[in-house]
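K.L.:
Before we start, here is the structure in question, set down as structure tokens.
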Amino acid sequence: MTACARALSASGAGLALTRNGGLLEPLLATDPEIGELDELQFALGEGPSTEAMATGAPVLGSDLSGPEAGRRWPVFTAAVDGRGVQGAFAFPVAAGAARLGVLSVYRRQAGPLRPDQLQDALMFADTVFVLALDHRRGLNTDLDSVVEAAFVARRAEVHQAAGRLAAQQRISVVDALALLRAHSYSSGRSLREVAVDVMAGRLHLANDHDASPPTAPHDPKEIGPDHVEKEQEED
605 MTACARALSA
615 SGAGLALTRN
625 GGLLEPLLAT
635 DPEIGELDEL
645 QFALGEGPST
655 EAMATGAPVL
665 GSDLSGPEAG
675 RRWPVFTAAV
685 DGRGVQGAFA
695 FPVAAGAARL
705 GVLSVYRRQA
715 GPLRPDQLQD
725 ALMFADTVFV
735 LALDHRRGLN
745 TDLDSVVEAA
755 FVARRAEVHQ
765 AAGRLAAQQR
775 ISVVDALALL
785 RAHSYSSGRS
795 LREVAVDVMA
805 GRLHLANDHD
815 ASPPTAPHDP
825 KEIGPDHVEK
835 EQEED
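What follows is the structure, given as structure tokens:
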């Protein structure tokens, strides 16, 4: 969250996740003030983050004091008036039909994000998405591999394979993506290769929640739970 806010010249960022497609729950924030803004959106049921979760698309509130923002989120914009926040940008932590939550970024000045900042924000959202998938399967992957996986998080082959796996195992698409990631990690193969084999019928994956987490093929460095939580928070 801190790195994301810094990259976007923002005052802070927050992360809210959902369980099984239910209500969003604010989880992380760079500071208490940003946490209050996230809580405010979800308490009111209105704002850029709520809209991003509903539509599955980024929502860019570049001027919260402007007439457009007032029409879209009248209660939220009235509530943040005087809090020193002029911009709120929300990016779904999602890929295809699998939606895990929303990454929110707040700025003190009004104005749009630059194209490079928008690309950075989307990359941070994809990275959080992959971290969340790995957390579901108990994987302690290093950040470099997570960033690399984020680049392929939206590939068509991966989503097709996740959809097929979800139907076969009668699980959610999110859990299917996590299962694909776990096999990719344990086998040392790329996520795309695993997806192609699933689609071709050459690979059959079982969803065994009682199984031990997969181990890495090449002696990964030991990373404890405290380090994983800290790494996610810094991202």
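Position one of the sequence shown corresponds to residue 605 (this note's numbering), numbered consecutively onward.
Ideal Cβ placement from N, Cα and C applies to all residues, glycine included.
1. In the DSSP output, which residue or residues are listed as bridge partners for GLY618?
2. Would you mind sorting GLN690 into buried or exposed? The rule is 16 or more other CB atoms within 10 Å of its CB.
3. Which residues does DSSP pair with VAL568 in a beta bridge?
4. For VAL663, which beta-bridge partners are listed by DSSP?
5. On the DSSP letters alone, give me the boundaries of the alpha helix (DSSP H) that GLU797 sits inside.
6. What would DSSP say about LEU668, mapped onto helix, strand or coil?
7. If you compare alpha carbons, which of GLU650, ALA760, GLY660 is closest to LEU668?
8. In the DSSP assignment, what residue or residues form a beta bridge with LEU628?
9. If you drop the 5 nearest sequence neighbours on each side, which residues of the same chain put their C-beta closer than 6 Å to that of SER788?
P.N.:
The answer reads as follows:
1. ALA633, SER708
2. Buried, since its Cβ has 16 or more Cβ neighbours within 10 Å.
3. There is simply no residue 568 to check, as the chain begins at 605 and stops at 839 in what is shown.
4. ALA694
5. 795–804
6. coil
7. GLU650
8. THR622
9. If the five residues before and after SER788 are omitted, its C-beta is found closer than 6 Å to the C-beta atoms of LEU795, VAL798, all from its own chain and listed in chain order.
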